[in-house]
Amino acid sequence: MKNDNLQKYALITGGTSGIGKELAKLFAQDGYNLVIVARGLEGLARMKMELVNGYGVEVITLSKDLSLPGSAIELYNEICERNIFIDVLVNDAGQGQYGLFTKSDLDRVLEIIQLNIISLTTLTYLFLKDMVAHEKGKILQLGSIASESPGPWQAVYHATKAFVLSLSEGIRQEVKDTGVTVTVLEPGPTDTNFFKTASMLDSKVMDGKLSDPAAVAKDGFDGLFQGKDKVISGFKNKLDVVSGNILSDASSAARMGKMQEPRDQQRGKY
468 MKNDNLQKYA LITGGTSGIG KELAKLFAQD GYNLVIVARG LEGLARMKME LVNGYGVEVI
528 TLSKDLSLPG SAIELYNEIC ERNIFIDVLV NDAGQGQYGL FTKSDLDRVL EIIQLNIISL
588 TTLTYLFLKD MVAHEKGKIL QLGSIASESP GPWQAVYHAT KAFVLSLSEG IRQEVKDTGV
648 TVTVLEPGPT DTNFFKTASM LDSKVMDGKL SDPAAVAKDG FDGLFQGKDK VISGFKNKLD
708 VVSGNILSDA SSAARMGKMQ EPRDQQRGKY
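If you read the sequence shown in this note's numbering, its first letter stands for residue 468, the second for the next number, and so on.
What follows is the structure, given as structure tokens:
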């Protein structure tokens, strides 16, 4: 893998909305050319126009459903064919599903695991190898404060984010002398489409104030370039993580369950 023109490229999955979109704007503002990956062609076209017109950078858009097996390898191969070295990989794409685990749709659960774990791991593995070979590069993983606690009503989502955190902290240690850094951004509930997609609008989580995705993105962007291992975005979220770490796993799970349960308590509907 060689970057012949020595331009900087950042690859952002889920880069057309929410935190991913805000991160794309920050990288463009900093002079990075962008590879934006998402499923929807219309969203990709709008994002490309916005970034090209606003910042004058090169924007490559790739339509890819990373919840499908093999899609992450396809994405990597397409970038290799363009002879582009990815200086920064941002694994932003991720989804959840709200409800009791035993009443979940199994196919949807497996799609979420494919997206949040398998595709993220595949992209991390492939691009990290290139970065280590060049002795430069950065990876920003979109984690969540959900990684810090078991999560009734979102058990699979919390589990996938715990995996992201553990994987990232492990490989960060492995590559610490290579010039490559790995950073995990952990936001709390944020004003994005996540809750609608996860069918979570009736959760008590929605009663609290949601973070601004632009502020979350800025925290992650700054932490990435400061070489931090983990960035918990927002003062309240930092306090929640600290207080949660004091509790036993069972107590932490009970606490999280109360925070995420349905407002109407009609648990059978989920």
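Glycine is no exception: its CB is placed at the ideal position from the N, C-alpha and C atoms. Note that the structure is a prediction, hence the values are computed from the model and not measured.
Contact with chain D by residue i, beta-carbon distance below 8 angstroms
i	result
Ala-720	This model lacks chain D altogether, as it is built from one protein chain only.
Inter-residue Cα distance where the pair is residue i and residue j
i	j	result
Arg-513	Tyr-565	29 angstroms
Leu-542	Phe-630	22 angstroms
Phe-662	Leu-668	6 angstroms
Ser-633	Arg-639	10 angstroms
Asn-470	Ile-546	Note that Asn-470 scores 43 on pLDDT, short of 50, meaning its location in the model is unreliable; the coordinates nonetheless yield the value given after this. So the alpha carbons of these two residues sit roughly 11 angstroms apart.
Gly-690	Phe-494	13 angstroms
Val-557	Leu-607	5 angstroms
Ala-613	Tyr-624	8 angstroms
Met-698	Arg-549	The sequence shown places Val at residue 698, rather than the Met named in the question. In a straight line, the C-alpha of Val-698 is about 32 angstroms away from that of Arg-549.
Ser-678	Pro-656	6 angstroms
Ser-611	Ala-717	19 angstroms
Pro-729	Lys-671	6 angstroms
Asp-559	Val-683	12 angstroms
Gly-687	Leu-652	5 angstroms
Val-504	Asn-583	15 angstroms
Residues that residue i bridges to, as DSSP identifies them
i	result
Ile-529	The sequence given here places Leu at residue 529; Ile does not occur at that position. Its beta-bridge partners are Val-504.
Pro-729	Ser-670
Gln-608	Asn-558, Val-651
Val-698	Leu-652
Thr-480	Val-504
Ser-678	Thr-657
Residue burial classification, residue i (beta-carbon count within 10 angstroms, cutoff 16)
i	result
Asp-572	exposed
Leu-706	exposed
Thr-480	buried
Asp-731	exposed
Gln-496	exposed
Thr-627	buried
Lys-605	buried
Thr-569	exposed
Lys-725	exposed
Glu-641	exposed
Leu-518	buried
Asp-574	exposed
Lys-703	exposed
Gly-735	Model confidence at Gly-735 stands at a pLDDT of 45, short of 50, so the residue's coordinates are unreliable; what they give is reported in the following sentence. With fewer than 16 other Cβ atoms within 10 Å, it is exposed.
Gly-487	buried
Residue closest to residue i, alpha-carbon to alpha-carbon, out of the options
i	options	result
Thr-591	Glu-517, Leu-478, Leu-577	Leu-478
Ile-553	Ala-600, Leu-567, Ile-612	Ala-600
Lys-676	Asp-689, Lys-685, Asp-658, Gln-693	Asp-658
Val-502	Gly-482, Val-647, Leu-533	Gly-482
Val-649	Gly-701, Val-708, Phe-692, Ala-681	Phe-692
Asn-660	Gly-646, Ser-484, Ala-720	Ser-484
Ile-579	Arg-722, Ile-713, Phe-688, Leu-533	Leu-533
Lys-492	Leu-508, Val-524, Gly-510	Val-524
Leu-647	Phe-594, Thr-589, Leu-609	In the sequence as displayed, the identity of residue 647 is Val instead of Leu. Closest option to Val-647, Cα to Cα, is Phe-594.
(Q) Which runs of the beta strand (DSSP E) at least 3 residues long sit entirely within the stretch 613 to 659? Give them in chain order. (A) 647 to 653
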